[in-house]
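Here numbering that gives the first Met the number 0 is used: the first residue of the sequence shown is 0, the next is one more, and so on. Glycine is no exception: its CB is placed at the ideal position from the N, C-alpha and C atoms.
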Amino acid sequence: MVDIANTILGKIVDRKKEEFAVRLKQRSYKDVEELASGASPVRGFAQSLLSKRPAVIAEIKKASPSKGIIRENFNPAEIAQQYEDAGAACLSVLTDVDFFRGADENILIARNNCALPALRKDFLIDPYGVIEARALHADCILLIVACLSDQQLEEMSKTAFEHNLDVLVEVHDEKELERALHLSDRCLLGVNNRNLKTFDVDLNTSLRLKALLEPSRLLVTESGIATPADVAMMQENDIHAFLVGESFMKQPRPDHAFKELFGVPTTI
0 MVDIANTILG KIVDRKKEEF AVRLKQRSYK DVEELASGAS PVRGFAQSLL SKRPAVIAEI
60 KKASPSKGII RENFNPAEIA QQYEDAGAAC LSVLTDVDFF RGADENILIA RNNCALPALR
120 KDFLIDPYGV IEARALHADC ILLIVACLSD QQLEEMSKTA FEHNLDVLVE VHDEKELERA
180 LHLSDRCLLG VNNRNLKTFD VDLNTSLRLK ALLEPSRLLV TESGIATPAD VAMMQENDIH
240 AFLVGESFMK QPRPDHAFKE LFGVPTTI
């Protein structure tokens, strides 16, 4: 595992350990399993990504640790509707409270106002959070290789598949990609172009790692996609799936920002 001490990710993970202890006291594994079993049917996150080009995971995010509040007028229901109308393939919904001003209920709010599948965007450190994601009506979870051991990655991805959840595994470099490739090829691969230590963004990160994959393996590029030229560069290198949030959230109309960046995605 990469050393994430003294990074924002490290601080978030430390907080997640505290939060997990509190949540477990409030609701047992058994209780969460029961809630998960009664959740609405999954919508097929991975399949939705494969059905559009470009395939955009549009993010619903109020704030970030580095930028603070990004969107004052924050209405998850309205944003979800706008993203669907604009042609998004999927949603990414922040549920972290302390660093991103998210909320668990935002997943259900978003899903109730559109037909898109939703990723629970949070920093999961235990299978409990995976089961909880399904209880919150999520269709996919995020596993960040930098803050999880190989055993955790294996256990949590297995738990996700047992609950019919798709899995997006996020990596930042070649070493993390190598670890991610030991997981089931059912896992979606996401490349975060942001350096964990410096927070600098380099879109070439996605291009480098894409070159190490089988051509048929879908890769989601994350962070730093801000212009149509960025999108074109990715597509020229056979990267057709994107996770974008901040550039949408900063604009008065996220759907207009979506169309300016991606045009109108086509169904394939």
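- Query: Assuming valine 219 and leucine 188 make a contact with CB atoms under 8 Å, what is their CB distance in whole Å?
  - Reply: Here residue 219 is taken as the residue at index 220 of the sequence shown, counted from 1. Here residue 188 is taken as the residue at index 189 of the sequence shown, counted from 1. Between leucine 188 and valine 219 the Cβ distance is about 7 Å, and since that is below 8 Å, they are a contact.
- Query: Bridge partners of alanine 57, per DSSP?
  - Reply: Position 58 of the sequence shown, counted from the start, is the residue given in the question as residue 57. Leu90 and Val243.
- Taking the beta strand (DSSP E) that asparagine 111 falls in, what are its first and last residues? Counted from its first residue, the sequence shown places residue 111 at position 112. Unbroken run through asparagine 111 is the alpha helix (DSSP H), 104-111; no beta strand (DSSP E).
- Query: Name the DSSP beta bridge partners of glycine 67, please?
  - Reply: Numbered from its first residue, the sequence shown carries residue 67 at position 68. Beta-bridge pairing links glycine 67 to Ser63.
- Query: Curious, which full-length alpha helix (DSSP H) runs of at least 4 residues does the segment 144-175 contain?
  - Reply: 149-161
- Count the CB pairs spanning the segment 116-135 and the segment 156-163 that are closer than 8 Å, and state whether there are at least three. yes
- Message: Please state whether the Cβ-Cβ distance between valine 55 and alanine 87 is less than 8 Å.
- Response: On the sequence shown, residue 55 is found 56 positions in, with the first residue counted as 1. On the sequence shown, residue 87 is found 88 positions in, with the first residue counted as 1. Yes, they are a contact pair.
- Message: Just to confirm my understanding: we take valine 269, look at its own chain, exclude 5 residues before and 5 after, and list those with CB closer than 8 Å. What are they?
- Response: The structure shown does not extend to residue 269, since the chain is modelled only from 0 through 267, so no value can be given for it.
- Ignore the nearest five residues each way along the sequence and tell me which others in leucine 202's own chain have a CB closer than 8 Å to its CB. By 1-based counting over the sequence shown, the position of residue 202 is 203. Within the same chain, leucine 202 has close Cβ partners Asn192, Thr220, Gly223, Ile224, Asp229, Met232 and Met233.
- For lysine 209, which beta-bridge partners are listed by DSSP? For the purposes of this step, residue 209 is taken as the residue at position 210 of the sequence shown. Bridge partners of lysine 209: none, in fact.
- Message: Tell me the DSSP secondary structure of asparagine 128 in three-state form.
- Response: The residue you call residue 128 lines up with position 129 of the sequence shown. Looking at the sequence shown, residue 128 is not asparagine but glycine. Note: glycine 128 maps to helix in three-state DSSP.
- Query: Secondary structure at valine 21, three-state DSSP: helix, strand or coil?
  - Reply: Taking the sequence shown and counting its residues from 1, one reaches residue 21 at position 22. Three-state DSSP puts valine 21 in a helix.
- Message: My output table needs one value for leucine 202: the three-state DSSP class, helix, strand or coil.
- Response: The count along the sequence shown starts at 1 and reaches residue 202 at position 203. Reduced to three states, the DSSP call for leucine 202 is coil.
- Could you give the distance in angstroms between the alpha-carbon of valine 200 and the alpha-carbon of histidine 171? Along the sequence shown, one-based indexing puts residue 200 at 201. Along the sequence shown, one-based indexing puts residue 171 at 172. Approximately 11 Å, taken between the alpha carbons.
- Query: What are the residues that DSSP puts in a beta bridge with alanine 114?
  - Reply: In the sequence shown, counting from the first residue as 1, residue 114 sits at position 115. Alanine 114 pairs with nothing; no bridge assigned.
- Message: Is the beta carbon of lysine 60 closer than 8 Å to that of isoleucine 68?
- Response: Walking along the sequence shown from the start, residue 68 turns up at place 69. Walking along the sequence shown from the start, residue 60 turns up at place 61. For isoleucine 68 and lysine 60, no; Cβs fall outside 8 Å.
- Query: glycine 9 by DSSP, collapsed to three states: which one?
  - Reply: The count along the sequence shown starts at 1 and reaches residue 9 at position 10. If DSSP states are grouped into helix, strand and coil, glycine 9 belongs with the helices.
- Message: Can you tell me whether lysine 51 is helix, strand or coil according to DSSP?
- Response: Looking up residue 51 in the sequence shown gives position 52. Looking at lysine 51 - three-state DSSP - the assignment turns out to be strand.
- Task: Report the residue from Ala35, Leu23, Ala45 and Glu71 whose alpha carbon sits nearest the alpha carbon of glutamate 245.
- Result: Residue numbering aside, residue 245 sits at position 246 when the sequence shown is read from its first letter. The residue with the shortest Cα to Cα distance from glutamate 245 is Glu71.
- Item | Under 8 Å between C-beta atoms of alanine 79 and alanine 45 | Working through the sequence shown from its first residue, we reach residue 79 at position 80. Working through the sequence shown from its first residue, we reach residue 45 at position 46. No, Cβ-Cβ distance for alanine 79 and alanine 45 is not below 8 Å.
- Query: If you run the structure through DSSP and keep just helix, strand and coil, what is lysine 120?
  - Reply: Counted from its first residue, the sequence shown places residue 120 at position 121. Strand at lysine 120.
- What whole-angstrom Cβ distance do aspartate 125 and leucine 141 have, given they're in contact under 8 Å? What you label residue 125 is simply residue 126 of the sequence shown in a count that begins at 1. What you label residue 141 is simply residue 142 of the sequence shown in a count that begins at 1. About 14 Å separates the two Cβ atoms, so there is no contact after all.
- Item | Local conformation of isoleucine 140 per DSSP, three classes | The sequence position of residue 140 within the sequence shown is 141, counting from 1. Strand.
- Task: Could you tell me how far apart the beta carbons of serine 36 and proline 116 are, in whole angstroms, since I believe they sit closer than 8 Å?
- Result: Taking the first residue of the sequence shown as position 1, residue 36 is located at position 37. Taking the first residue of the sequence shown as position 1, residue 116 is located at position 117. About 19 Å separates the two Cβ atoms, so there is no contact after all.
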